[in-house]
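I have placed the structure first, in the form of structure tokens, so that the comments after it can refer back to it.
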Amino acid sequence: MIVLSKRRLYVLSILLLLCGCGLPRIIVLDDPLTPEEHLNLGVSYEKKGEHDAALKEYKIASRHLSAAYLYAGNVYFAQGDPDNAEENYRKALERDPRNADACNNLAWLYYTYGKDLLEAERLALRALELNPAKAGVYQDTLQKIREKKQ
């Protein structure tokens, strides 16, 4: 093991850069975090308003967890980016067609932007069917969509 003072390390770094050599890089080959930990980290970033960092964590988590697409969709929706929100909600449903929250959130997105209200109604009804335990939330979405349709 070689021990260098900060000054000598600095000088060595400058010399390496000047001669065209790069500084040594540390490469992590194995991710020390589980997909669930990336998802939780994303939630923490999102709560602090650090949306880019949250999206990065959700992207990593989405390799193994379909719910990460739902969370990413929520961030894009909050940022006023309906196209990316819709894309992520759709990916969540492709990977897990029984994701009631993805159905409901996509329905709410369509309601909010006045897009395809028939599909929005169908999605809200599907959410109710998939998860009756959250009927209050999903019923609210369905009611608002039906009012807007009239």
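The sequence shown begins at 10 in the numbering used here and counts up by one.
Glycine included, each C-beta is placed from N, C-alpha and C at the ideal position.
Same chain, Cβ closer than 8 Å to residue i, five either side skipped, listed in chain order
i	result
E45	A70, L74
Y98	Y78, L79, G82, A111, N114, L115, L118
Y120	L126, A129, T150, K153, I154, K157
L132	C112, N113, L115, A116, Y119
Contacts around residue i, its chain only, beta-carbon distance under 6 Å, and the 5 residues preceding and following it disregarded
i	result
A77	L48, Y67, A70, S71
R104	S75
A62	Y54
Residue from the options with nearest C-alpha to residue i
i	options	result
K124	Q88, N108, I154, L134	I154
A142	L127, A109, L132	A109
H60	A87, D39, P41, T43	A87
S122	K100, E95, Q148	The sequence given here has Tyr at residue 122, not Ser. Looking at the Cα atoms, E95 is the closest of the given residues.
Residue i and residue j closer than 8 Å at C-beta
i	j	result
R107	L139	yes
L160	V84	The requested residue 160 does not occur in the structure, where the chain is confined to residues 10 to 159.
Handout entry: Entirely enclosed alpha helix (DSSP H) segments - the region 60-115, minimum 4 residues
Key = 60-70, 76-87, 91-104
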